[in-house]
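There are 2 protein chains.
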Amino acid sequence: MPTKPIPDIVVGRLPVYLRALSFLAAEGVQTTSSQDLGKRLGISAAQIRKDLSHFGEFGKQGTGYNVNFLREQIRRILKVDREWSIALIGIGDLGRALAHYGGFVDRGFRIVALFDVDPAKIGQRIGELEIMGMDKLAEVVRGRSIQVAMIAVPAAQAHQVAEQCFSVGIKSILNYAPITLQAPEGALVQHTDPVTHLQRMTYYL
Amino acid sequence: MPTKPIPDIVVGRLPVYLRALSFLAAEGVQTTSSQDLGKRLGISAAQIRKDLSHFGEFGKQGTGYNVNFLREQIRRILKVDREWSIALIGIGDLGRALAHYGGFVDRGFRIVALFDVDPAKIGQRIGELEIMGMDKLAEVVRGRSIQVAMIAVPAAQAHQVAEQCFSVGIKSILNYAPITLQAPEGALVQHTDPVTHLQRMTYYL
């Protein structure tokens, strides 16, 4: 294992590699190369080799990478060789879409609790889960050792909701509200925003 | 303007800078620095200076950046100083959430057409827009010179939908389906996937 911190930008590419490796595995492909991965992902082979070298030796000169082995190694590095419980807060259209999203399970995550402030929504069910009021957040997060939350509330409420999350022990927030949230020491926030993706493309148009 | 291509990773950070500058502008802040921006974004000041230097000289040694000026320059570089029309395809929970999302307008984008294959949805309205069948795609995309599409269909349909889009002249796709799509020469696909964001955080837990 490495002793000096890995650049976050490198960490950020590992899920992309993992995703590509999972597709390859699903297609029954057993061996791949930095060139092949790079071509699929639009990343240079040299970059992929360099990124992976931070974590160890995963391939052999001339024979490339064993897809399943590399996939397992990256799952282990990213700690998604286990299942993380997620609290989803804000059950509007987007929250509902996330609650129905089929891509979490098998990739290390499971939404285990739904929260909203709207009394009309509290008590409703989505699949096996019942939407709870925010007064239940502390009890549920602590009781189920939840460390990850997704926030899909309006921008005006996102700050307060994030603070509530951090105060009850959430360590990572994926924020869908169109506002930048600050994480306290030892915690993390990732922002996701369709517009930043779109803007990256219009540059090339 | 630069003569050699800018690394895509640099282009990808410009929307993040733009977002931060827009928040600063909304807060009434008139001047900022690489240090200040870097602190807000978790990116080093040196990186920000280096990224911006690809596009020109935007700040003065010792006085920093004029927020509105730098914001306008990045809007121009990313070509979001105009409004791009978007076709949104797949009006499930996620499509509906995107259709309602308030963060597009003023950031260079407007959803102008909604498409779905489900006969029960075709003809329904979301706000001012009526959901259309895919048989209308070519006519609408060409008639309104739409170059950007967002795909929020199930994974099994995403490939076919993307090919339809490219065949009628769409140049950029933001793909929400949990599957990697290939873009033909001269076109672009960006993938967005909550799991890759989550996986980047669990590394640190």
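So the protein lines, in turn, are chains A and B.
If you're matching positions, the first sequence starts at -12 in the numbering used here and goes up one per residue.
If you're matching positions, the second sequence starts at -12 in the numbering used here and goes up one per residue.
Note that beta-carbon positions come from the ideal geometry of N, C-alpha and C, so glycine has one too.
Since we're looking at a predicted model, the values are computed, not measured.
**Message:** Tell me the DSSP secondary structure of A:K(-9) in three-state form.
**Reply:** As a working note, residue -9 of chain A is residue 4 in the first sequence. In the displayed model, A:K(-9) falls within coil according to three-state DSSP, outside both helix and strand.
**Request:** Can you grab the Cα-Cα spacing for the pair B:P(-6) / A:D105, in whole Å?
**Result:** Position 7 of the second sequence holds residue -6 of chain B. Position 118 of the first sequence holds residue 105 of chain A. Using only the alpha carbons, I get a separation of about 45 Å.
**Prompt:** Hey, is the segment 83 to 90 of chain B in contact with the segment 88 to 107 of chain A, meaning 3+ C-beta pairs nearer than 8 Å?
**Reply:** no
**Message:** Can you tell me whether B:A32 is helix, strand or coil according to DSSP?
**Reply:** Counting from 1 along the second sequence, the entry for residue 32 of chain B is found at position 45. B:A32 sits in a helix when the DSSP states are folded into three classes.
**Message:** Using the Cβ count rule (16 or more neighbours within 10 Å means buried), how would you classify B:I35?
**Reply:** Within the second sequence, the letter at position 48 stands for residue 35 of chain B. Burial call: buried.
**Item:** For A:T50, three-class secondary structure by DSSP
**Value:** What you label residue 50 of chain A is simply residue 63 of the first sequence in a count that begins at 1. A:T50 falls in the coil class under three-state DSSP.
**Message:** Comparing C-alpha positions only, which one of B:L124, B:G51 and B:K47 sits nearest to B:D23?
**Reply:** Residue numbering aside, residue 23 of chain B sits at position 36 when the second sequence is read from its first letter. Per the Cα distances, B:G51.
**Asked** Does the segment 142 to 153 of chain B touch the segment 25 to 32 of chain A, meaning 3 or more C-beta pairs lie closer than 8 Å?
**Response** no
**Message:** Within 8 Å of any Cβ in chain B, is that where the Cβ of A:T19 sits?
**Reply:** Translated into positions along the first sequence, residue 19 of chain A becomes position 32. It does not; no Cβ of chain B falls within 8 Å.
**Request:** Starting from A:G43, find everything on chain B with Cβ-Cβ shorter than 8 Å and list it in chain order.
**Result:** For the purposes of this step, residue 43 of chain A is taken as residue 56 along the first sequence, with counting starting at 1. Within chain B, no residue comes near A:G43; the closest Cβ sits about 15 Å away, beyond 8 Å.
**Asked** Would you call B:N162 buried or exposed, if buried means 16 or more other Cβ atoms sit within 10 Å of its Cβ?
**Response** Within the second sequence, residue 162 of chain B is the residue found at index 175, counting from 1. Flag for B:N162 reads buried.
**Message:** Spatial neighbours of A:Q17 within its chain, please: C-beta separation below 8 Å, excluding the five flanking residues on both sides.
**Reply:** Mapped onto the first sequence, residue 17 of chain A falls at position 30. Around A:Q17: N53, V54 and N55.
**Asked** At least one CB of chain B closer than 8 Å to the CB of A:V104: is that the case?
**Response** Within the first sequence, the letter at position 117 stands for residue 104 of chain A. For A:V104, the answer is no, since every Cβ of chain B falls outside 8 Å of its Cβ.
**Request:** Could you name each continuous alpha helix (DSSP H) segment of 4 residues or more that falls completely within the segment 82 to 166 of chain B, going from the start of the chain to the end?
**Result:** Taking only runs of at least 4 residues, the alpha helix (DSSP H) segments lying wholly in the segment 82 to 166 of chain B are 124 to 130 and 142 to 154.
**Asked** When Cβ atoms are compared, which residues of the segment 149 to 164 of chain B fall closer than 7 Å to chain A?
**Response** For the segment 149 to 164 of chain B, the beta-carbon criterion of a distance under 7 Å to any beta-carbon of chain A is satisfied by K158, S159 and L161.
**Request:** Say yes only if the C-beta of A:F96 is nearer than 7 Å to one or more non-hydrogen atoms of the ligand FMN, and no if none qualify.
**Result:** Among the ligands in the structure shown, none appear at all, so the ligand FMN cannot be discussed.
**Request:** Could you tell me whether the Cβ of B:D180 comes closer than 8 Å to any Cβ of chain D?
**Result:** Absent here is chain D; the protein component of the structure consists of chains A and B.
**Asked** What did DSSP end up calling A:L168 once you bin it into helix, strand or coil?
**Response** Sequence index remark: in the first sequence, residue 168 of chain A carries index 181 (1-based). If DSSP states are grouped into helix, strand and coil, A:L168 belongs with coil.
**Start and end residues, beta strand (DSSP E) containing A:V16** = The residue given as residue 16 of chain A occupies position 29 in the first sequence. Segment: none, A:V16 is in no beta strand (DSSP E) and carries neither H nor E.
**Prompt:** Residues in the segment 62 to 74 of chain A with C-beta within 8 Å of chain B's C-beta atoms, listed in sequence order?
**Reply:** I64, L65, K66, V67, W71 and I73
**Message:** Quick check: what's the CA-CA separation for B:D122 versus A:L5?
**Reply:** As a working note, residue 122 of chain B is residue 135 in the second sequence. As a working note, residue 5 of chain A is residue 18 in the first sequence. If you take the alpha carbons of B:D122 and A:L5, they lie about 36 Å apart.
**Prompt:** Between A:G77 and B:I160, what straight-line distance do the alpha-carbon atoms span, to the nearest angstrom?
**Reply:** The residue you call residue 77 of chain A lines up with position 90 of the first sequence. The residue you call residue 160 of chain B lines up with position 173 of the second sequence. In this model, A:G77 and B:I160 are separated by some 27 Å (Cα to Cα).
**Request:** Excluding the 5 residues preceding and the 5 following A:G82 in the sequence, name in chain order all residues of the same chain whose CB lies nearer than 7 Å to its CB.
**Result:** As a position in the first sequence, residue 82 of chain A is number 95, starting the count at 1. The answer, listed in chain order, is L75 and A139.
**Prompt:** Shorter than 8 Å from the beta carbon of B:L5 to some beta carbon of chain A?
**Reply:** The residue you call residue 5 of chain B lines up with position 18 of the second sequence. Yes, B:L5 counts as interfacial toward chain A.
**Message:** Could you check whether the Cβ of A:Q177 sits closer than 8 Å to any Cβ belonging to chain B?
**Reply:** Along the first sequence, read from residue 1 onward, the residue named residue 177 of chain A stands at position 190. Closer than 8 Å to some Cβ of chain B, the Cβ of A:Q177 qualifies, so yes.
**Prompt:** Who are the neighbours of B:D80 on chain A, taking C-beta pairs under 7 Å?
**Reply:** As a position in the second sequence, residue 80 of chain B is number 93, starting the count at 1. Going along chain A in sequence order, the residues near B:D80 (Cβ under 7 Å) are D80, R83, A84 and H87.
**Request:** With DSSP as the reference, please indicate the residues paired to B:V176 in a beta bridge.
**Result:** If you number the second sequence from 1, residue 176 of chain B lands on position 189. BP columns for B:V176 point to B:I160.
**Request:** Give me the Cβ distance between A:Q177 and B:M188, rounded to the nearest whole Å; I'm assuming they're in contact under 8 Å.
**Result:** For the purposes of this step, residue 177 of chain A is identified with residue 190 of the first sequence, where counting begins at 1. For the purposes of this step, residue 188 of chain B is identified with residue 201 of the second sequence, where counting begins at 1. With a Cβ gap of about 6 Å, A:Q177 and B:M188 count as contacting.
**Prompt:** Sorted by chain position, which residues of the same chain lie with C-beta nearer than 8 Å to A:P(-11)'s C-beta, five sequence neighbours on each side aside?
**Reply:** Taking the first sequence and counting its residues from 1, one reaches residue -11 of chain A at position 2. Since pLDDT at A:P(-11) reaches only 47, below the 50 mark, its modelled position is unreliable, and no value is offered.
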